[in-house]
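Let me begin by presenting the structure, written as structure tokens, before commenting on it.
There are 2 protein chains.
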Amino acid sequence: MAQDMTLLWGSGSPPCWRVMIALEEKNLQGYNQKLLSFEKLEHKSQEVIDINPRGQLPSFKHGDVIVNESYAACFYLESQFKSQGNKLIPDSPAEQALMYQRMFEGLTFYEKLNAVIYYNWFVPEGERHDSALNRNREALVTELKLWEGYLQKLGSGSHLAGPSFSLVDVTVFPTVATLFRFGLSAEKYPKLGEYYALLKERPSVKASWPPHWLENRKGQDTLKDM
Amino acid sequence: MAQDMTLLWGSGSPPCWRVMIALEEKNLQGYNQKLLSFEKLEHKSQEVIDINPRGQLPSFKHGDVIVNESYAACFYLESQFKSQGNKLIPDSPAEQALMYQRMFEGLTFYEKLNAVIYYNWFVPEGERHDSALNRNREALVTELKLWEGYLQKLGSGSHLAGPSFSLVDVTVFPTVATLFRFGLSAEKYPKLGEYYALLKERPSVKASWPPHWLENRKGQDTLKDM
Numbered sequence: 001m002a003q004d005m006t007l008l009w010g011s012g013s014p015p016c017w018r019v020m021i022a023l024e025e026k027n028l029q030g031y032n033q034k035l036l037s038f039e040k041l042e043h044k045s046q047e048v049i050d051i052n053p054r055g056q057l058p059s060f061k062h063g064d065v066i067v068n069e070s071y072a073a074c075f076y077l078e079s080q081f082k083s084q085g086n087k088l089i090p091d092s093p094a095e096q097a098l099m100y101q102r103m104f105e106g107l108t109f110y111e112k113l114n115a116v117i118y119y120n121w122f123v124p125e126g127e128r129h130d131s132a133l134n135r136n137r138e139a140l141v142t143e144l145k146l147w148e149g150y151l152q153k154l155g156s157g158s159h160l161a162g163p164s165f166s167l168v169d170v171t172v173f174p175t176v177a178t179l180f181r182f183g184l185s186a187e188k189y190p191k192l193g194e195y196y197a198l199l200k201e202r203p204s205v206k207a208s209w210p211p212h213w214l215e216n217r218k219g220q221d222t223l224k225d226m
Numbered sequence: 001m002a003q004d005m006t007l008l009w010g011s012g013s014p015p016c017w018r019v020m021i022a023l024e025e026k027n028l029q030g031y032n033q034k035l036l037s038f039e040k041l042e043h044k045s046q047e048v049i050d051i052n053p054r055g056q057l058p059s060f061k062h063g064d065v066i067v068n069e070s071y072a073a074c075f076y077l078e079s080q081f082k083s084q085g086n087k088l089i090p091d092s093p094a095e096q097a098l099m100y101q102r103m104f105e106g107l108t109f110y111e112k113l114n115a116v117i118y119y120n121w122f123v124p125e126g127e128r129h130d131s132a133l134n135r136n137r138e139a140l141v142t143e144l145k146l147w148e149g150y151l152q153k154l155g156s157g158s159h160l161a162g163p164s165f166s167l168v169d170v171t172v173f174p175t176v177a178t179l180f181r182f183g184l185s186a187e188k189y190p191k192l193g194e195y196y197a198l199l200k201e202r203p204s205v206k207a208s209w210p211p212h213w214l215e216n217r218k219g220q221d222t223l224k225d226m
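Those protein sequence lines, which keep their order, are chains A and B.
Residue 139 in the UniProt record's numbering sits at position 139 of the first sequence; the count goes up by one each step and never skips.
Residue 72 in the UniProt record's numbering sits at position 72 of the second sequence; the count goes up by one each step and never skips.
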């Protein structure tokens, strides 16, 4: 049980989801948690600011220790609970190198996804340009092909750094799930589709599935022609 | 000696500099290295693409293992050479948590810096807006105040996660140095100025100082009114 931990989170936010998967993997169920609404701007509430001066979710506290950045929280949890739950950093130097490499490429992947699906959210009306959005879409396609190729090379049933589930899956799976929620075609990206299908059955992932995705099973079709 | 390592790098690139500082800290001098020119687009050359399909610097290889993402390379080097050179991840859980937290905030810091000093590089001419650049400048000021506050709280002579030099200094110092290279005022940001003055004398930092900064000691004044 993890009663000395508190997580403030938002449904469907990949950064929040990363931390929730990590907590499940390390058998840290039973933490205090509160689901907040981005739409109601609850991530800017005093309750959040008290933990996270940036006014962002996740906001995460373990005793007196605050680790809000999702990647930081994942590293921290693995480091503090090394021998509890699943081991999330492989021993083999090659697999470890690939894990680190893909984790940080994963930040680019996430950024390029956001630059398409949240373009209107990030860019104020008077500053929007079709040329920019098209460029962002092309950049996302390039990125998708890279990851499709990575999975192709690893072979069927593999995780992102090799045979075992690791921190790169914790951090990048929520991006992949968001792609499909926004209509990405598993026919065009079969390896990403296969990876998505494999991981969505994992207990840690199922236990932390965004509740509003369960309530409303139909996502958007923003990415269907990608 | 690190003769089984190869680094392709560009002068003044914070991501390249991070890896070079990490290599120095781990006593991994003597690696194969090649300085490439961003201006001549050498980061898009076949030599780079062979190691790094993204066509980016740094491109880093250790034997058959490729780790191009700068944060990934830093984690990898610390993990593979734990007991060699300086220990870069502190033992204390609180210091470790702070290190991870600030490392990932450091990516935001770097991004917000780039969005100001390289605005014209990132945004094509027809898509530029004064309103966007002003917003980016304000976001950078907010960010600068955050970091100034972090250092203030830690007290004089501290590193970014506490008393010892750690991975957060490896990864964030190049951003801080770039701020001052681009004219940031140490009078307005005395704690950042103090941190900069402390770290620039560190042997690993001196040994990896961007050569074109040494050749031309005068930087820009883009940030002087920040």
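Using N, Cα and C, we set each Cβ at its ideal position, and we do this for glycine too.
Any chain A beta carbon closer than 8 Å to residue i
i, result
"Y71 of chain B", "yes"
"Q80 of chain B", "yes"
"N216 of chain B", "no"
"M226 of chain B", "no"
"A22 of chain B", "no"
"V48 of chain B", "no"
"N68 of chain B", "yes"
"V116 of chain B", "no"
"V65 of chain B", "yes"
Span of the beta strand (DSSP E), counted from its first residue to its last, around residue i
i, result
"M5 of chain A", "M5 to G10"
"Q33 of chain A", "N32 to L36"
Chain-order list of residues whose beta-carbon lies under 8 Å from that of residue i (same chain, five-residue window excluded)
i, result
"L35 of chain B", "W9, G10, S11 and P211"
"L144 of chain B", "L179, L184, Y189, L192 and M226"
"L133 of chain A", "V116 and Y119"
"R128 of chain A", "Y119 and N120"
Cβ neighbour criterion (16 or more within 10 Å) applied to residue i
i, result
"T142 of chain B", "exposed"
"residue 240 of chain B", "Residue coverage of chain B in this structure runs from 1 to 226, which leaves residue 240 of chain B outside it and unanswerable."
"S131 of chain A", "exposed"
"W121 of chain A", "exposed"
"A197 of chain B", "exposed"
"A207 of chain A", "exposed"
"G106 of chain B", "buried"
"L160 of chain A", "buried"
"P220 of chain A", "According to the sequence displayed, residue 220 of chain A carries Gln and not Pro. Classification of Q220 of chain A: exposed, given that the 10 Å Cβ count is below 16."
"G38 of chain A", "One detail in the question is off: residue 38 of chain A reads as Phe in this sequence, not Gly. It is exposed - the Cβ of F38 of chain A has fewer than 16 other Cβ atoms within 10 Å."
"L41 of chain A", "exposed"
"K153 of chain B", "exposed"
"S166 of chain A", "buried"
"E69 of chain A", "buried"
"Q96 of chain A", "buried"
"N136 of chain A", "buried"
"L214 of chain B", "exposed"
"D169 of chain B", "buried"
8 Å Cβ cutoff, residue i in contact with chain B
i, result
"P93 of chain A", "yes"
"Y119 of chain A", "no"
"F109 of chain A", "no"
"A97 of chain A", "yes"
"E105 of chain A", "yes"
"F122 of chain A", "no"
"Y31 of chain A", "no"
"P58 of chain A", "no"
"F75 of chain A", "yes"
"P53 of chain A", "yes"
"Q101 of chain A", "yes"
Span of the alpha helix (DSSP H), counted from its first residue to its last, around residue i
i, result
"H212 of chain B", "P211 to E215"
"F104 of chain A", "P93 to I117"
"K153 of chain A", "D130 to L154"
"S59 of chain B", "No alpha helix (DSSP H) contains S59 of chain B, which is instead part of the beta strand (DSSP E) from S59 to H62."
"Y189 of chain B", "Taken as a continuous stretch (DSSP letters only), Y189 of chain B belongs to no alpha helix (DSSP H), as it is neither H nor E."
"I51 of chain A", "Q46 to I51"
"T178 of chain A", "L167 to R181"
"Q80 of chain B", "S70 to Q80"
"S204 of chain B", "P203 to A207"
"L23 of chain B", "P14 to E25"
6 Å Cβ shell around residue i - same chain, five flanking residues per side excluded
i, result
"M5 of chain A", "Y31 and H62"
"Y195 of chain B", "L151"
"C16 of chain B", "W9, G10, L57 and P58"
"Q33 of chain A", "L7"
Close beta carbons around residue i, own chain, < 7 Å, minus the five adjacent residues each side
i, result
"Y110 of chain A", "P14 and T175"
"R18 of chain B", "S70, C74, V170, T171 and P174"
- prompt: Name the residues in the segment 128-160 of chain A whose C-beta lies less than 8 Å from a C-beta of chain B; which are they?
  reply: H129, S131, A132 and L146
message: Any C-beta of chain B within less than 8 Å: which residues of the segment 167-196 of chain A qualify?
response: none
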